Amino acid sequence: MRKTILFFLAVIVWVLLAWPFSPQGGNWQSMVVGLGVSLVVALIFGELFTESAHKFLGFQRYFWAIYYLPVLFYACLVANLDVAYRVLHPRLPIRPGIVKVKTRLKSKSGRTALANSITLTPGTMSVEVTDDGFLYIHWINVQSRDIEETTRLIVERFERILERIFE
Amino acid sequence: MRQLWGYALILIGSLFDLFGCIGLVRLPDLYNRLQASTKCVTMGTCLILLGTLVLIGFTPAAGKIILCLIFVLITAPTAAHALARASHFSGISLWEGSVCDLLKEDREQ
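Protein sequence lines, in the order shown, are assigned to chains F and S. In this text, residue positions in the first sequence follow our numbering: the first is 7, and each later residue adds one. In this text, residue positions in the second sequence follow our numbering: the first is -1, and each later residue adds one.
What follows is the structure, given as structure tokens:
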């Protein structure tokens, strides 16, 4: 199951990489090599790939993933303007510190996506993730030390969507 | 018109890259510098790639640009996380103007 999914992902990556198939009709050569390499990769690395392959078949997850992209892009844009403001301000208005937040996400891929999203959003960067669901966040402008408060401010808007994609 | 959009995206991307580099110089400690460089360089690189995508249109190179976008978006935050975690665990302290360090408090318990 997970080998099949890894095989298809590898083929997609191969097709994107080797897109300009030669115009003289040598397309099938490139495709055959790609299929062969993908098969070998899938057989060797299939065990390392993912824990819960059945989630790839839930199609509503893909819609939520597409909905997630503009949310992330908007947060990323705000983050950049925020950094630009702090960096260009003559008095350097920062109040850095490491705070602690809690996440409801259980799956490893969900937590990875959450930590990466937090790093790309305004003023926050994940430093450490523990097994029991706590994330330590470096915050450039600390507004609160309380766990519930920081969770509400940093994590919640992503968690609602990521829960539907990864859980 | 398409050229205008492409060049505008590339220009904005380069500006964000510039802000990231200024932040790398001006901010006080490792963690703040990582923040500025990661965010701005990720967004800047993505915008430059998107601008190139708009300029060249839907040609074979577009597939490679999309792949690059995906990998930059995945690897840049992961690398920043790994760097920050490794430096905190090897004992690099925060800037003296920092407000709190709950990770250090929790690890000392």
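Just so you know, even glycine gets a beta-carbon here, dropped at the ideal spot from N, CA and C. These figures come from a predicted structure and were not determined experimentally.
Thinking just about the alpha-carbon of each residue, which of S:77, S:48, S:76 is nearest to the one in residue 63 (chain S)? Per the Cα distances, S:48.
Cβ distance (whole Å) where residue 73 (chain F) is taken to contact residue 160 (chain F) below 8 Å: So it is not a contact: roughly 20 Å between Cβ atoms.
Are the beta-carbon atoms belonging to residue 15 (chain S) and residue 44 (chain S) less than 8 Å from one another? Not a contact, by the Cβ cut-off of 8 Å.
Is it the case that the Cβ atoms of residue 173 (chain F) and residue 111 (chain F) are separated by a distance below 8 Å? In contact: residue 173 (chain F) and residue 111 (chain F) (Cβ atoms closer than 8 Å).
Can you find a CB in chain S that lies within less than 8 Å of the CB of residue 168 (chain F)? Taking Cβ atoms only, chain S never reaches closer than 8 Å to residue 168 (chain F), which makes this a no.
Does DSSP put residue 57 (chain S) in a helix, in a strand, or in coil? Coil at residue 57 (chain S), not helix or strand.
Give me the subset of the region 49 to 73 of chain S whose CB atoms are less than 9 Å from a CB atom of chain F, sorted by chain position. Those would be 57, 58, 59, 60, 61, 62, 64, 65, 71, 72, in chain order.
Is residue 91 (chain F) near the ligand NAD, with its Cβ less than 7 Å from a heavy atom? For the ligand NAD, the structure offers nothing, since it holds no ligand at all.
Span of the alpha helix (DSSP H), counted from its first residue to its last, around residue 75 (chain F): Taken as a continuous stretch (DSSP letters only), the alpha helix (DSSP H) holding residue 75 (chain F) covers 65 to 94.
Helix, strand or coil for residue 171 (chain F)? Go by DSSP, reduced to three states. Residue 171 (chain F) carries a helical assignment under DSSP once its states are collapsed to helix, strand and coil.
Could one say the Cβ of residue 15 (chain S) lies closer than 8 Å to chain F's Cβ atoms, at least one of them? No, residue 15 (chain S) does not count as interfacial toward chain F.
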